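First comes the structure, then the notes that go with it.
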Amino acid sequence: MLYKAVAIQFNYLGKKYYFSTNNLELKRKDYVIVDTVRGLELGEVISDVIELREDELVSPLKPILRLASPEDIEKFKINISDQERIKEVTKDLILKHRLDMKLLNSEYTLDRSKLIIYFTSEGRVDFRELVKDLANEFHVRIELRQVGARDGAKVIGGIGPCGRQTCCTTFLREFEPVSIKMAKTQNLSLNPANISGLCGKLLCCIRYENENYKNFKAETPNINSLVWTQDGQGKVTKINYSEQSVTVHFGGDEYKTYHMNDVAQNKEDLDIENQLSDLED
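All letters in the sequence shown, in the order written, are residues 1 to 281 by UniProt numbering.
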């Protein structure tokens, strides 16, 4: 059985969630109303209508209730405009209770039945008294949600070590795992200052070209291994992954750099490569 669905996001660059079209005629940039675990929310359609098989569904698709009305959109704008005041009040209350937490953002559900406040903290925080004060101030159900360092950086934004806006504030919707092993595969400096982002975690961009480096590394001779070149046999002393080149030492002060395709560990393989190159010329 096939189900018609669209992807919806609830805030800019937020995660995308799939909902059943519920037989509605939908297109990209439509605003719709959906019922989530947090309550009624306004979301934006960010995909064309697709068809999903039942075995592709992780969980049953929730239906889109309806297209957003002008009144819904006005409510949403009012909720957004109230965010600054909420943040100011919350910051004052955090100071009052001397809590070790960093306020990031706040948002109402569309019907204002719940106010969700996001924060980061290095440890657990007892915010029970803070919740009471917030409930008394805003007369609504309060949910404080602790998020990770990466999510915190995504909300705040900033300039990365490359001089550009951080990936998480420009195009990344979801965070993929990044490991030290990836940095080692790419021969990156393991100095934390060089491979960490504003969030204090490993740079997301380390992951982007990792597969290319892995493939190149699998086809490249190891450091100190003997290889054949057009100039004879020598020892590999340096590998440049970004340029796909190797530096070979022939003895004394003689070093030469070659493209990976111009070296081979067996002389016969190099002869075959040269013959193939001649065919291309």
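All residues carry an ideal CB built from backbone N, CA and C; glycine is no exception.
In this text the structure is predicted, and so the values were computed from the model without any measurement.
Just measuring C-alpha positions, the residue of 100, 105 and 22 sitting nearest residue 67 is 22. Less than 8 Å divides the Cβ of residue 146 from the Cβ of residue 119. At a Cβ-Cβ threshold of 8 Å, residue 185 and residue 214 count as neighbours. In the pairwise beta carbon analysis, the segment 247-263 is classified as not touching the segment 191-211: fewer than three pairs are separated by under 8 Å. In chain order, 1 place their CB closer than 6 Å to the CB of residue 54, counting only its own chain and leaving out the 5 sequence neighbours on each side. When secondary structure is reduced to three states using DSSP, residue 232 falls in the strand class.
Rounded to whole angstroms, the separation of the alpha carbons of residue 150 and residue 77 is 27 Å. Residue environment for residue 34: buried (at least 16 other C-beta atoms within 10 angstroms of its C-beta). Residue 79 is classed as buried because its beta carbon has at least 16 other beta carbons within 10 Å across all chains shown.
Looking from the CA of residue 84, the closest CA among 108, 73 and 50 belongs to 108. For residue 78, there is no enclosing beta strand (DSSP E); the enclosing alpha helix (DSSP H) covers residues 70-81. Residue 100 has its alpha-carbon roughly 39 Å from the corresponding atom of residue 29. With contacts defined as CB atoms closer than 8 Å, residue 19 and residue 61 qualify as a contacting pair. In the three-state scheme derived from DSSP, where H, G and I count as helix and E and B as strand, residue 219 is classed as helix.
CA-to-CA, the gap between residue 3 and residue 50 works out to about 8 Å. Partner residues in a beta bridge of residue 127, as assigned by DSSP, do not exist.
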